[in-house]
Amino acid sequence: MKAFIIALVVAVALGTLAAMLLNQQQRFAYQAFTTSGTRVSDPAGHSNLVGPQWNGVTPDPEKPSKS
Numbered sequence: 001m002k003a004f005i006i007a008l009v010v011a012v013a014l015g016t017l018a019a020m021l022l023n024q025q026q027r028f029a030y031q032a033f034t035t036s037g038t039r040v041s042d043p044a045g046h047s048n049l050v051g052p053q054w055n056g057v058t059p060d061p062e063k064p065s066k067s
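Position 31 of the sequence shown, counting from 1, maps to 31 under the numbering used here, and the rest follow consecutively.
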């Protein structure tokens with residue numbers, strides 16, 4: 001019984017220590033993943049990767065002709 005109580009106290013102590021250390025090291029995502037090349041705002045008139053005329057609708061593929 002004495003070993004169980006010691007193990008319980010050690011587990012609680014390690015858990016508390018780990019929680020305190022992790023709280024000190026934790027940062028918000030916008031702080032941790034910020035680079036000079038990151039842009040998360042509206043590109044303000046610039047075209048996207050698929051071109052300025054893309055409307056998001058993919059046309060149906062043409063059916064092959066029977067010959």
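Backbone N, C-alpha and C fix where the C-beta goes; we use that ideal spot for every residue, glycine too.
Quick caveat: nothing in here was measured; it's all calculated off a predicted structure.
Does DSSP put residue i in a helix, in a strand, or in coil?
i: Thr16; result: helix
i: Lys2; result: helix
i: Gln53; result: coil
i: Gln26; result: coil
Report yes or no: is there a C-beta of chain C within less than 8 Å of the C-beta of residue i?
i: Phe33; result: Protein chain content of the structure displayed is limited to a single chain, and chain C is not contained in it.
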